[in-house]
Amino acid sequence: MKRILIIISAMAALAGCTQKDPVKEMADRVFAVAREQYSLMDTALAEDRYPRCTDEDGGLVTTADMEWWCSGFHPGSLWYIYEYTGDEKFKDMAWKYTRRLEPLLDCVCDHDIGFQINCSYGNALRLTGDSTTVVPLYVAAAHKLADRFSPQAGVIKSWNFLRNDWVYPVIIDNMMNLELLTVGARLSGESALADIARSHASTTLANHFRDDWTSWHLLDYDPENGSVRYRETVQGYAHGSAWSRGQAWALYGYTMMYRETGKEEYLEAAMNIGDMIIAKLPEDGIPYWDFNAPGTPEAMDSTAAGATLNAAAYLETPLRDASAGAIMASAFIELSTISPDEKASARYLDTARRQLLTLGSDEYLAGPGTNGYFILKHSVGNIPGNGEIDVALSYADYYFLEALVRYSKISRTE
Ligand code: GLY
């Protein structure tokens, strides 16, 4: 009898070991969809166009040229499809869209050259090791970004266009572009590039966050002395609100900067931002487009400074932003692997799993041939600007695929 019991429990343990993690199972399904969608997308795109979002009817792909800030995401997604599936067809496709970005080096760019080059050429280098093609271009792009730095203010200027009477606008999104500098420093041996990245991250940490670890979107600096002229939230509900993609960029940015520099203050920041986000997330893990938008549990009223007037249209059912959810999930996975606090790591990984499982559900995952050939539905680009509202967005796909690739590489899944 005792022997039978031992055999039964051994079999049960074996069954438990071989049971596939639901996120890993879902990842296989998502990459099958991604292969179909991105193959169709390739045939639909005219030469020199990059997918941007779906149109208002959710059907057709709206494209942009390479100067649009998102042009690196499409080749980046193709690199992740290649990495996960090993299908050489996607490697060829990824190189095609990556190489087309070379003329960016001669364009008038803004801080987004970081997204454009790191997501495309950065992944190309990581996956192919083709340093002859990539390194000179990557380092030249890093210099283009570094040229936007003001030593007096200690930060990089984000946008070229000026609204109101901005002088030197710096947005929280800019944290993402620092990886171009830290990697560029390693590739070239020029430590000054990494110094600029550290200065930008530390100055942003000092000025961009409120006491509760939420972040403003935009700070306008005086580039001569570094004083802050304005604090605003251009793409969120109100100046004082927590625009969810901004919170996602902050989480990802400080996690990445801790990985790149080992500076403890960046890890502390990432953990504080992460815990703030977790406390605000709805049950399914996908953030409202702004954590303080009308209709949300922490809604601000319409008299809040800078309140987005057209947001009232979304009062009944505050929209979710899949792009912010995907960026957060990818960052939470990395944070879970580098945080020394085991309990916190488990919390971050659990949150990422929750987010990924929701994004992989029918509510968010497109059926093949639909959704303008994008993978994810229901992202929000810019409600105050009346654009890209409840659509597919190229960067939602990119960070979703990145998160799934990252997840597939970690062994601890409880
Ligand atoms: N970096 C622009 C955005 O997040 O919409």
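Reminder that position 228 of the sequence shown reads as 229 in the working numbering, one-by-one numbering, no gaps.
Glycine included, every Cβ here is placed at the ideal spot set by N, Cα and C.
- Set against 7 Å, the gap from the CB of Q248 to the closest heavy atom of ligand 1 is not smaller.
- With fewer than 16 other Cβ atoms inside 10 Å of its own Cβ, P137 counts as exposed.
- The Cβ-Cβ distance between S331 and S340 does not fall below 8 Å.
- For D111, the number of other beta carbons within 10 angstroms of its own is at least 16, and it is reported as buried.
- When rounded, the separation of the alpha-carbon atoms in L146 and Y374 is 32 Å.
- Taking L102 as the centre and dropping the five residues before and after it, the same chain places the C-beta of M67, S72, G73, P76, Q117, I118, S121, Y122 closer than 8 Å to its C-beta, in chain order.
- Set against 7 Å, the gap from the CB of Q153 to the closest heavy atom of ligand 1 is not smaller.
- Exclusion of G286 from the 7 Å shell around ligand 1 follows from its C-beta lying no nearer than that to any non-hydrogen atom of the ligand.
- The way I'd put it, the stretch 226-246 does touch the stretch 294-311; three or more beta-carbon pairs between them come closer than 8 Å.
- Your pair I411 and I334 checks out as a contact, with CB atoms roughly 7 Å apart and the cut at 8 Å.
- Remark: the C-beta of D174 is in contact range of ligand 1, defined as less than 7 Å to any heavy atom.
- Residue pairing for I172: DSSP places it in a beta bridge opposite L219.
- Taking a 10 Å sphere around the C-beta of S395, we find 16 or more other C-beta atoms and assign the residue as buried.
- Within its own chain, the residues whose Cβ lies closer than 6 Å to the Cβ of I279, once the five positions on either side in sequence are excluded, are T352, listed in chain order.
- Taking 8 Å as the cut-off, the beta carbon of A251 is found no closer than this to the beta carbon of M301.
- Each of L357, T44, Y85 was checked against the Cα of E284, and the nearest Cα belongs to L357.
- Ranked by Cα distance from F150, the first of N165, L194, D131 is L194.
- Within 10 angstroms of the beta-carbon of V62 lie 16 or more other beta-carbons, which makes it buried.
- The beta carbon of L350 is closer than 6 Å to those of S337 in its chain, skipping five residues each way along the sequence.
- When DSSP states are grouped into helix, strand and coil, L188 belongs to the helix group.
- Annotation for S228: Y222 place their beta carbon closer than 8 Å to its own, counting only its chain and skipping 5 residues before and after.
- DSSP, read as helix, strand or coil, puts E37 in helix.
- By the criterion of a C-beta distance shorter than 7 Å, S132 is surrounded in its chain by L126, once the five residues flanking it on both sides are discounted.
- Distance from the CA of Y399 to the CA of V168, rounded to the nearest whole angstrom, comes to 32 Å.
- With a beta-carbon spacing of about 7 Å, D113 and N178 fall inside the 8 Å limit used to define contacts.
- Of the heavy atoms belonging to ligand 1, none sits nearer than 7 Å to the Cβ of Q117.
- The stretch 26-39 and the stretch 82-89 touch, with three or more beta-carbon pairs separated by less than 8 Å.
- Secondary structure at T318: coil, using DSSP grouped into helix, strand and coil.
- At a cut-off of 7 Å, the beta-carbon of G73 does not count as near ligand 1: no heavy atom of the ligand is closer than that.
- With fewer than 16 neighbouring CB atoms inside 10 Å of its own CB, N387 falls in the exposed class.
- Scanning the stretch 124-164 for uninterrupted alpha helix (DSSP H) segments of 4 residues or longer gives 124-129, 132-147, listed from N- to C-terminal end.
- F210 is bridged by DSSP to S216.
- Per DSSP, the beta bridge partners of Y51 are A65.
- In this structure, W160 has its beta carbon at no less than 7 Å from each heavy atom of ligand 1.
- Excluding its 5 nearest sequence neighbours in each direction, W214 has C-beta neighbours in its own chain below 7 Å: N273, I274, M277, listed in chain order.
- Looking from the CA of L377, the closest CA among E343, D322, I384 belongs to D322.
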